[in-house]
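Before any comments, here is the structure.
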Amino acid sequence: MEKYGLNELRERFLSFFESKGHLRLSSFSLVPQGDKSLLLINSGMAPMKPWFTGEAEPPRRRVCTCQKCIRTGDIENVGKTARHGTYFEMLGNFSFGDYFKEDAIAWCWEFLTDNLGMDPQLLYPSVYIDDDEAFAIWRDKVGIAPERITRLGKADNFWEHGAGPCGPCSEVYYDRGPGSGCGKPDCAPGCDCDRYIEIWNNVFTQFNNDGNNNYTELTNKNIDTGMGLERLAVVCQGVGSLFETDTIRETVDKASELAGTVYGSDEKADASLRIITDHMRSAVMMACDGVLPSNEGRGYVLRRLIRRAARHGRLLGVEGLFLGEIAQTVIKANEGAYPETRERERHIKTVVAAEEESFAKTIGAGMGMLAELAARARADGAGVFSGADAFKLYDTYGFPLDLTAEIVGEQGMAVDTGEYEKLMDVQRARARSARASKGDLAWADADLPADVAPTLFTGYGKHSDDARVLAIVSQGEACSYINVGGEGVVVLDRTPFYAEMGGQTFDTGELRSGGGAFEVRDVQKDKGGRYLHHGVVVSGELRAGLAVTASIDTQRRRAVMRAHSATHLLQKALRVVLGEHVNQAGSLVEPDRLRFDFSHFSAMTPEELSRVEAMVNDAILDGLDIGTEEMTPAEAREKGATALFGEKYGDTVRVVSMGDFSVELCGGTHLDNTAKAGQFHITGEFSVASGVRRIEAVTGKAALSAAAGEREVLAGVASALKLGGADEAERRAAQIAAELRELRREVESYAAREAGGEGARILAGARDVRGI
């Protein structure tokens, strides 16, 4: 068997399944889209759930991917063993109601034996204990002797997560030889030792579990195949662990070089090198996908990984900031498969460096206190580190519980997590009570009939359109009509109304039919592609099946388009003035007002703000034509289009171009010429999170109103100073400021003389002159 490199194995797998009619998809973002059940993508099939469940239509019935994944459940074991890691890549071929067991098994065997050249005698299939069909395919179609096929139980070879689609699995194990095993006479595939390593897992999704373990056959059966790329590389390269595979070893060696050590010479140092390598692989990919360090959610995962890597660098004796160099090595190893890592290199390294520097200050200030508290705990002899002390370290120095637990654990103590959590609960309750409730859009989760078709959006070219009412929901239930004064959600077959998404606010307007009128106050889009028009009947009634004319508030839409087009100009200007590391971290576009969050680690100077504002206004005055095109993601990338972090794009994307100034992927509505934005004025710039700044600005009529307000203020200042005009205000203000400084100096000088006794002597020599 040839010792293929990790990057070559990835390409061979994807090319093989392309030859079998599969559509190759790029990796989805590590940030789940529309799936609140996951913090980070942790398997190859996780981003495809809607395609498996039928909620959405896949781009093709056969696809293959190499998916970036992160699992942090056993982060404490990373480093301690050579097997555990938080970041890995999952190779997968998927069928959505197309081929099934026979093809999946045949192609699995063909790839391993013919394509990679593995010795068939070292490969051992397993099947679910009751899956006679899969057993027969391996025996009769592939030609594996029955005694070499292992039947395993539900815990090993049946995939399910509660109610929903599920099914048996068939895995393939590679025999690494007796030297890697436990030595037990019954050692076989499924044993926990390292002899038989699972390299392929075919999941046959063929049943539906009703939640009570009653299984029925699915009409459309699916294939979900998973194979860990790093694990496959371990087998193909004949090495002991993922940290010894070619590209990952480059990162290990870089960390070793910076630490002045050699991997394999000291187990304690090796553990730290493994932690640094694994955690920085995760950190680079998370930062590349737009995750920023924070104190909650996936941001906390990133913060924890970077800080844990930084601490182990200190344990190895590395001085100063060093993780940026490790990140550079990770990027170099991955840029072929993930070119976005090179494109966002500056941003990634800035995120890593800022968090490492922040941690250096934290650990420098808090380690003294931790050492003192730990010494006191050891003296007590109970082997327990106080939860109150752990909370104090967190509250005062930002030491997360897991870091404190890891440090005191190295000293043979455990943290009283119960006491810690009680104190955290008190703090959380205090924070919740301090926050004002913002309410929610519960109505957006309208309980629609399952057969309601998706809505066709026609609002790019139309502000009014004829439509038909497909469904009505009022008070949480589907109904056939709403009378005047009734509030509800209306779904149309087609609509010019833009639903709130991508940072752009919704359209408002009305639905009208005969004597009936429905005022649309909000529009959302559900997972099924139905546009939910929320509002109230202001006259007559609205019935399901009725033909209506849907008309948006055109003045409001134009104001929104002014702000949205200006947002694109703003992002480009920020990248020119501040650097290519600037990426959108959030936005809100409302009528003639915008809010834009972007990655940057320091406050903008007045000069930078002035340059950005001037650049946007120059682009507006240039009257650049705004055009939209639909193309493939690859064509958009070649055109230089800027994409959003965390967004997953399909086969076709919409590209919005503003002359040669700005090219972005965007599904929102825009002007046809930048001149129609009128004027752009920045009203504020401030921090909203670590490494994230926010700019607020106005356009069009709001910008004119702001300018008029500023003129009014200047006129008031000129009048108060009794000046001939506002243009003299700056000169007079500077003059008054200078006079005030001189008066303060004289007062301070007199006060000093008074304190020294001179004032007293002057008063002692005073005489009365005509009563004065």
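Using our numbering, you'd call the opening residue of the sequence shown number -6 and step up by one each time. The C-beta atom is built at its ideal place from N, Cα and C for all residues, glycine as well.
_Pairwise C-alpha distance: C57 and G639_ = The predicted position of G639 is uncertain, since its pLDDT is 43 and thus under 50; no value can be drawn from it.
*What is the DSSP secondary structure of T768, reduced to helix, strand or coil?*
Outside the modelled stretch of the chain, which goes from -6 to 765, sits residue 768, for which no answer is possible.
*Cβ neighbour criterion (16 or more within 10 Å) applied to C186*: exposed
*Neighbour-count burial assignment, E503, 16 or more Cβ in a 10 Å radius*: With at least 16 other beta carbons inside 10 angstroms of its own, E503 counts as buried.
*Given a threshold of 16 other Cβ atoms within 10 Å of its Cβ, counted over all protein chains shown, does R760 qualify as buried or as exposed?*
Exposed, by the Cβ-count rule.
*Would you list the residues sitting across from T560 in a DSSP beta bridge?*
For T560, which the question treats as bridged, DSSP gives no partner whatsoever.
*Could you give the distance in angstroms between the alpha-carbon of R461 and the alpha-carbon of T46?*
28 Å
*Nearest-angstrom Cα distance between V477 and D720?*
57 Å
_Along the chain, where does the alpha helix (DSSP H) containing I765 start, and where does it finish?_
Unbroken run through I765: none, as it is neither H nor E.
*Alpha carbon to alpha carbon, how far is E735 from T560? Give it in angstroms, no decimals.*
46 Å
*Give me the Cα-Cα distance between V740 and G718, rounded to the nearest whole angstrom.*
32 Å
*Exposure label - C159; buried when at least 16 CB within 10 Å*: buried
*Could you tell me if C101 is buried or exposed, where buried requires 16 or more neighbouring beta carbons within 10 angstroms of its beta carbon?*
Buried.
*Beta-ladder partner(s) of E126, from DSSP*: Answer is none; E126 lacks a bridge partner.
*For N576 versus S592, is the C-beta distance shorter than 7 Å?*
Going by C-beta atoms, N576 is nearer than 7 Å to S592.
*Evaluate M494 with the Cβ neighbour count: other Cβ atoms within 10 Å of its Cβ, from every protein chain shown; 16 or more gives buried, anything less gives exposed.*
exposed
*Specify the secondary structure class of K520 as computed by DSSP and reduced to three states.*
coil
*Over what stretch of residues does the alpha helix (DSSP H) that includes N195 continue unbroken?*
Note, N195: premise wrong, no alpha helix (DSSP H); beta strand (DSSP E) at Y189 to N202.
*asked:* Let's see if you can read the secondary structure: which residues bound the alpha helix (DSSP H) around N771?
replied: Outside the displayed span of the chain (-6 to 765) sits residue 771, for which this structure offers no information.
*Please find out if some non-hydrogen atom of the ligand MN comes closer than 6 Å to the beta-carbon of D112.*
Looking at this structure, you won't find the ligand MN or any other ligand, since it has none at all.
_Please list the terminal residues of the continuous alpha helix (DSSP H) segment that includes S698._
G693 to A713
_Does the structure place the stretch 85 to 101 close enough to the stretch 65 to 76 that three or more beta carbon pairs sit under 8 Å?_
Under the Cβ criterion (8 Å, minimum of three pairs), the stretch 65 to 76 does not count as touching the stretch 85 to 101.
_Alpha-carbon spacing of L266 relative to E328, whole angstroms_ = Approximately 22 Å between the Cα atoms of the pair.
_Under the three-state DSSP convention, the category G432 falls into_ = Low local confidence applies: a pLDDT of 36 at G432 is under 50, so the model's placement there is unreliable, with the coordinate-based value given in what follows. Reduced to three states, the DSSP call for G432 is coil.
*Where does the unbroken beta strand (DSSP E) through D458 begin, and where does it stop?*
S457 to S467
*Go ahead and pull the three-state DSSP assignment for Y390.*
helix
*Three-way DSSP call (helix, strand, coil) for M554 in this model*: helix
_Pair within 7 Å by beta-carbon distance, I142 and W131_ = yes
*CB M273 to CB A320, shorter than 7 Å?*
yes
*Secondary structure of E622, DSSP reduced to three states*: The DSSP-derived three-state label of E622 is strand.
*For the beta strand (DSSP E) holding N213, just list the boundary residues, first then last.*
Segment Y208 to G221, the beta strand (DSSP E) holding N213.
*Could you work out which residue in L463, G374, I675 and V605 is closest to A699 when comparing CA atoms only?*
I675
_Suppose you measure from the CA of F197 to the CA of A97; what does that come to, to the nearest Å?_
F197 and A97: Cα-Cα distance of roughly 9 Å.
_Nearest-angstrom Cβ-Cβ length linking G522 and P447, presumed shorter than 8 Å_ = 3 Å
*Rank C59, A264, L664 and G37 by C-alpha distance to the C-alpha of P584 and give the top, closest one.*
L664
_Can you tell me which residues form a DSSP beta bridge with C281?_
The partner list for C281 (beta bridge, DSSP) is empty, contrary to what the question assumes.
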